[in-house]
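Just so you know, the sequence shown maps onto residues 0 to 226 in numbering that gives the first Met the number 0.
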Amino acid sequence: MRIDILTLFPEMFEGVLGCSILKRAIDRQYLEVHTHNIRDYTYDKHHRADDYPFGGGAGMVMMVEPIARCIEQLQSERTYDAIYLMAPDGQQFNQHKANSMSMLQNIILLCGHYKGVDERVRELYITEDLSIGDYVLSGGELAAMVITDALARVIPGVISDGTSALTDSFQDDLLSAPVYTRPADFRGHRVPDVLLSGNDKLIADWKMEQRLKRTQERRPDLLHNEE
Ligand code: ADE
């Protein structure tokens, strides 16, 4: 899978793409991520990527032209399955969305900033707006990082333990069971005996019980999720 990220702050991505599972996914060529500075597609000498809103109002608006040039340059090089705009008023990103997006070959994530993006960008290029939650970030960069990470970990092969991504919380609308490692006794707080029993069937039953209990207690809405 290839992800092209259009942003005013490509340097924000360096740390995230250079660590942990994302780094491994990229090194092992399961995933290609390319960042593009929208400012490189401006023509004026001040490299303006934003301007005042027509009709007045607070904040600046990201201009259509540099974004259009950047997208069209990429589209001249390959076909994109979808172009997503990171926006707080977008569709809620979730595990189902991550799973389906991870099947795509080439996608673009456009990071919005300031007061928003000229509406003509949406009309002309955007397949879908995506939000990572009901709060407003300073820009779409963190959202694009969240989405890139969530996609990478469900690409088959990226996580070495083949079943690990599938038992993530939310993967089947259940939260994960609690996990423990050594020591078996920490200041009198003991690991549940069943996990030390060596009985696979009992352990599997216990885990499922815990998952149902946790989901019921913390996120009962997931148990009635029709999606
Ligand atoms: N940009 C600003 N806030 C955002 C959010 N919650 N999700 C996606 N993009 C955003």
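Glycine included, every Cβ here is placed at the ideal spot set by N, Cα and C.
- Contact between I107 and I82 holds, since their C-beta atoms are separated by about 4 Å, short of 8 Å.
- Secondary-structure assignment with DSSP links C110 through a beta bridge to M85.
- Closer than 7 Å to some heavy atom of the ligand ADE: that does not describe the Cβ of M61.
- Rounded to the nearest whole angstrom, the CA to CA distance from L221 to F92 is 15 Å.
- Here L109 is buried, its C-beta having at least 16 other C-beta atoms within 10 Å.
- For E127, the uninterrupted beta strand (DSSP E) run begins and ends at 127-130, by DSSP.
- Taking C-beta atoms as the reference points, V145 and I131 count as a pair closer than 8 Å.
- Contact between the stretch 34-51 and the stretch 168-178 is absent, with fewer than three C-beta pairs closer than 8 Å.
- Contact check for V190 and I202: beta-carbon distance about 12 Å, past the 8 Å limit, so the pair fails to qualify.
- Your pair Y113 and G58 checks out as a contact, with CB atoms roughly 5 Å apart and the cut at 8 Å.
- Taken atom to atom, the span from the alpha-carbon of P87 to that of Q28 is near 31 Å.
- A heavy atom of the ligand ADE is found nearer than 7 Å to the CB of G138.
- Residues of the same chain with a CB within less than 7 Å of the CB of D80, apart from the 5 flanking positions on each side, are L103, Q104, N105, I106 in chain order.
- With a cutoff of 7 Å, A142 counts as near the ligand ADE, since its C-beta is closer than that to a heavy atom of the ligand.
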